[in-house]
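Enquirer:
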Amino acid sequence: MTTPVHPETHDLRRVIGLAGGIALIVGITIGSGIFRTPPTIAGLVPNPLVIMGLWTAFGLISICGALAVAELSTLLPRAGGVYVFLREAYGDAAAFVFGWLYVLVTTPTAVATLATVFAEFLLNLLGVAANTATVQMIAIAAIIALTGANVLGARVGAAVSEVTTLVKVTALTAIIIGAFLLGHGSLSHLTEGGAVQRG
């Protein structure tokens, strides 16, 4: 009598934990755009109500996308995220193309943008002129440091993610509180004249 042979399965080790998982998702959700784009939008859209309307509308669109991904993740609880969804819906070819584009285009672009914004804000905080060479060197150093942290293991990477997410959430909280404490109820800072002018 023969025993049926079941294919060996390999699951990812669950070492990040709840705090690390929350920090990872929140960190991905809060990107560099919220820190960099408001002055530009305020300069292009002088009406404060329109600005608030745009943020609200795109926030609702983002929530719809998040709910869709949550539903798909419940239906297909396997490692791979969007790759798994595309493979189930459109086949291996579409998933293959997405996977390589994500690795070679999407992720490097996002990482470079985040590192550049980090370098610009760091130099601004230190009161140093943000010339191109300095920004690039700091951005490269940040990418190397974070890559090294993730190479050391998932726990180290999760710990770094927790710290950086805490910094971003703290900064946003300070901005929100500061808007109420220092804004004096004026909308003039959201008009074209109050926006940061780019040369």
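This note's numbering puts the sequence shown at residues 10 to 208. Each residue gets a CB set at the ideal place from its N, CA and C atoms; glycine is no exception.
(1) Indicate whether the contact test is met: 3 or more Cβ pairs, each with one atom in the stretch 174 to 189 and one in the stretch 30 to 40, closer than 8 Å.
(2) Taking the beta carbon of residue 28 as the centre, do at least 16 other beta carbons fall within 10 Å, making it buried, or is it exposed?
(3) Determine the DSSP secondary structure at residue 45, reduced to helix, strand or coil.
(4) List the endpoints of the continuous alpha helix (DSSP H) containing residue 106.
(5) In this structure, does DSSP put residue 247 in helix, strand or coil?
(6) Nearest by alpha-carbon distance to residue 24: which of 111, 167, 190 and 84 is it?
(7) Who are the Cβ neighbours of residue 99 in its own chain at under 6 Å, not counting the five residues just before and after it?
(8) How close, in whole Å, do the beta carbons of residue 215 and residue 143 come, if the pair is a contact with beta carbons under 8 Å?
(9) Does DSSP put residue 93 in a helix, in a strand, or in coil?
Expert: Result, derived from the coordinates:
(1) yes
(2) Counted from its first residue, the sequence shown places residue 28 at position 19. Residue 28 should be labelled exposed.
(3) Working through the sequence shown from its first residue, we reach residue 45 at position 36. In the structure shown, the three-state DSSP call for residue 45 is helix.
(4) The count along the sequence shown starts at 1 and reaches residue 106 at position 97. Per DSSP, residue 106 belongs to the alpha helix (DSSP H) from 101 to 110.
(5) The displayed coordinates of the chain run from 10 to 208. Any statement about residue 247 would go beyond what the structure contains.
(6) Within the sequence shown, numbered from 1, the residue matching residue 24 stands at position 15. The candidate whose alpha carbon is nearest that of residue 24 is 167.
(7) On the sequence shown, position 90 is the one that residue 99 refers to. Excluding positions up to five away in sequence, the list is empty.
(8) Nothing about residue 215 can be reported from this structure: the residues present for the chain run from 10 to 208 only.
(9) Start at 1 with the first residue of the sequence shown, and residue 93 comes out as number 84. Residue state, collapsed to three classes: helix.
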